[in-house]
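Counting from 1, one number per residue, gives the positions in the sequence shown under full-length UniProt numbering. Comments concern the structure below.
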Amino acid sequence: MQQAVRERARPRPASPPAPRCSQRTLFLWAAALLLAGDALFWTLYAQVQTTSGLVLLDGPVHDALLGICGPFLTALAGAVSAATSPLLISVVCVGFCVAWWIRGRELWRPAVLLFAMAFTEVVTTAAKEWVARPRPPARDFLLGPEDALSFPSGHTAGTTVVLFALAYFVASRSGRRSTAVLAPPAAVAGTLLVAFSGVYLGYHWMSDVVASFGLGQAVTAIVVFADAVRRGSEGADPGGAISDPAASRGAISGGAISGGARRSG
Numbered sequence: 001m002q003q004a005v006r007e008r009a010r011p012r013p014a015s016p017p018a019p020r021c022s023q024r025t026l027f028l029w030a031a032a033l034l035l036a037g038d039a040l041f042w043t044l045y046a047q048v049q050t051t052s053g054l055v056l057l058d059g060p061v062h063d064a065l066l067g068i069c070g071p072f073l074t075a076l077a078g079a080v081s082a083a084t085s086p087l088l089i090s091v092v093c094v095g096f097c098v099a100w101w102i103r104g105r106e107l108w109r110p111a112v113l114l115f116a117m118a119f120t121e122v123v124t125t126a127a128k129e130w131v132a133r134p135r136p137p138a139r140d141f142l143l144g145p146e147d148a149l150s151f152p153s154g155h156t157a158g159t160t161v162v163l164f165a166l167a168y169f170v171a172s173r174s175g176r177r178s179t180a181v182l183a184p185p186a187a188v189a190g191t192l193l194v195a196f197s198g199v200y201l202g203y204h205w206m207s208d209v210v211a212s213f214g215l216g217q218a219v220t221a222i223v224v225f226a227d228a229v230r231r232g233s234e235g236a237d238p239g240g241a242i243s244d245p246a247a248s249r250g251a252i253s254g255g256a257i258s259g260g261a262r263r264s265g
């Protein structure tokens, strides 16, 4: 009995920390995201202009989703769409970043997230006017009329940037392997849910949301690059861990004390 109690009281080994990425690794990730996101967006743009490639599946996918419409799916997709509208998500993002700044006494990450969100909104609005792609037939809209243009999807692009930027910030700062592993899939799942809701409700073609995902990844790449530059300017060891001035001073003091002790001994 006493042995069982002692076993229970014995501290469990901590889970292994997530490896810290070097500045070079972050630069490579940012470059890969930027190239992949740009390639996806411009490929879909070209296919929209020429009615080829993935755009040929827009009609069949649209019709297939109309065939599975039901009250539960419509209510779920409507709630997701309302919660991730560009206006609402911008307001929520501003409030979240202000609270983050006040409570966490940190300006850099909230400011970068706000910039990324605003930049995405500007680029998405400009792209809509430039491409001028009409939405699917209005008779298929499940939640009322909508007269805005279709390509790209503001819901999907904005959600992609917010979720993936937050996933990067959390995973790169938490130091826990489980967080680093789970954060990106959670961002993917949230983005897919928003993209599906836009197509299911009849307001977007499938190619709209795919291109928006690429656009969001390109903006996320800018976030990663900017953060990597800042982390590098703060000083990083060869393994990529950011140096802590207080810890450095403590290590120097400790070394001086131990050296003095050896000399006196």
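Glycine included, C-beta positions come from ideal geometry on N, C-alpha and C. The model shown is predicted, which means the values in this text are computed figures rather than measured ones.
query	result
Host alpha helix (DSSP H) of Leu192 (start-end)	177-200
Closest residue to Ala116 among Pro60, Ser90, Phe141, Gly104 (Cα-Cα distance)	Ser90
Cβ separation of Thr120 and Gly158, assumed to be a contact under 8 Å, to the nearest whole Å	6 Å
C-beta atoms of Ala218 and Leu34 nearer than 7 Å	yes
Alpha carbon of Ser172 to alpha carbon of Gly37, nearest angstrom	21 Å
Proximity to Gly154 [Cα-Cα], best of Lys128, Ala39, Thr74, Leu166	Lys128
Outcome for Arg109 when other beta-carbon atoms lying within 10 angstroms are tallied against a minimum of 16	buried
Phe225 beta carbon less than 7 Å from that of residue 308	Because the chain in this structure spans residues 1 to 265, residue 308 falls outside the shown range and cannot be described.
Residue span of the alpha helix (DSSP H) that contains Pro102, given as start and end	A small correction: the amino acid at residue 102 is Ile; Pro does not occupy that position in the sequence shown. Per DSSP, Ile102 belongs to the alpha helix (DSSP H) from 86-104.
Alpha carbon of Ala228 to alpha carbon of Thr25, nearest angstrom	9 Å
Same chain, Cβ closer than 7 Å to Pro60, five either side skipped, listed in chain order	none
Assigned exposure category for Ala211 - 16 Cβ within 10 Å defines buried	buried
Straight-line gap, Leu56 to Ala99 (C-alpha atoms, nearest Å)	45 Å
First through last residue of the alpha helix (DSSP H) which encompasses Arg24	23-50
Residue range of the unbroken alpha helix (DSSP H) whose run includes His62	58-67
CB contact flag (Ala77, Ser197, <7 Å)	yes
Buried or exposed (CB count within 10 angstroms, at least 16 for buried), Arg133	buried
Supposed close pair Cys93, Leu107 - CB separation, criterion 8 Å	At roughly 15 Å, the Cβ-Cβ gap does not stay under 8 Å, so Cys93 and Leu107 are not in contact.
Separation of Tyr200 from Trp42, as counted between CA atoms	24 Å
Host alpha helix (DSSP H) of Trp130 (start-end)	108-131
Tyr168 - DSSP class collapsed to helix/strand/coil	helix
Closest Cα partner of Val161 within the set Val80, Pro184, Arg105, Tyr203	Pro184
Option in Ala118, Gln49, Gly104 with minimal Cα separation from Leu87	Ala118
Run of the alpha helix (DSSP H) containing Pro152, from where it starts to where it stops	Unbroken run through Pro152: none, as it is neither H nor E.
Residue environment, Val223, which counts as buried when at least 16 other CB atoms sit within 10 Å	buried
Residue-level contact to chain D via CB, Arg24, 7 Å cutoff	Annotation note: the requested chain D is absent from the structure, which comprises a single protein chain.
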